[in-house]
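Residue numbers (the numbering used here), protein chains in the order written: chain A, 1 to 118; chain B, 1001 to 1115. Beta carbons are placed, not taken as given, at the ideal position from N, Cα and C, and that holds for glycine. Here is the structure we will look at.
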Amino acid sequence: SQTIHQWPATLVQPVGSPLSLECTVEGTSNPNLYWYRQAAGRGLQLLFYSVGIGQISSEVPQNLSASRPQDRQFILSSKKLLLSDSGFYLCAWSDRGRATYSYNSPLHFGNGTRLTVT
Amino acid sequence: KQEVTQIPAALSVPEGENLVLNCSFTDSAIYNLQWFRQDPGKGLTSLLLIQSSQREQTSGRLNASLDKSSGRSTLYIAASQPGDSATYLCAVRRSSGAGSYQLTFGKGTKLSVIP
């Protein structure tokens, strides 16, 4: 069965420090990968998505970047954190399968990382 | 731009009651709608996915319906239990380019089932 791992679970970082959050998926190949941020009262916001190694699309301009160095690894980074980067970050995957049918694959989420920038 | 609304924001019911959670969306050009459950401090757990060609999906005590033309979905929970207490989110999927298939989420309904 497929599993998704996300770490760390919680993180407290000072303003201006770098950030690296990692997500890996097991039990599937060539998944679509996503980074979402959930802020209190604002719902989930899609930050980045990836349809393959090295292919990253950004949904909103921000202080963050993403990379996909391996098929099932997705990394969220920042060179210098801002106070506004605080939030709950969620990694997710969906089965890409054959492109024609992948849009009906459900999204599966990791347990999230609670980031507090102080 | 797709907007997803969930009303009410919070709901409290006594144990054993049947209940309905509502989700509405502004653009009916969707591929599917997915319902999730989120426990405090945790990630989202997928409950049901309804394809645009379907009217409903069932899993145990959960039944989700979809009326794409009116932009509405409901999640029906039968015989509610305290363990059902969580925030329930709906999300709709539409294509925004080859292979992307973004989801637009509602802000959720926080359900409390009182023993």
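Among the CB atoms of chain A, one or more fall inside 8 angstroms of the CB of K1107 of chain B.
Secondary structure remark: continuous beta strand (DSSP E) runs of at least 3 residues inside the region 47 to 101 of chain A, in chain order: 55 to 58, 65 to 70, 73 to 78 and 87 to 94.
By the neighbour-count definition (other C-beta atoms within 10 Å, threshold 16), I1077 of chain B is a buried residue. At least one beta carbon of chain A lies nearer than 8 angstroms to the beta carbon of K1042 of chain B. Contact between F74 of chain A and G1043 of chain B is absent: CB atoms are separated by about 14 angstroms, not below the 8 angstroms threshold. No Cβ-Cβ contact shorter than 8 angstroms links S1059 of chain B with L107 of chain A.
Taking a Cβ-Cβ cut-off of 7 angstroms, P18 of chain A has no neighbours in chain B, whose nearest Cβ is about 24 angstroms from it.
Short of 6 angstroms from the beta carbon of T10 of chain A, and not among the five residues preceding or following it, lie these beta carbons of its own chain, in chain order: R114.
Only buried fits Q6 of chain A, as 16 or more other CB atoms lie within 10 angstroms of its CB.
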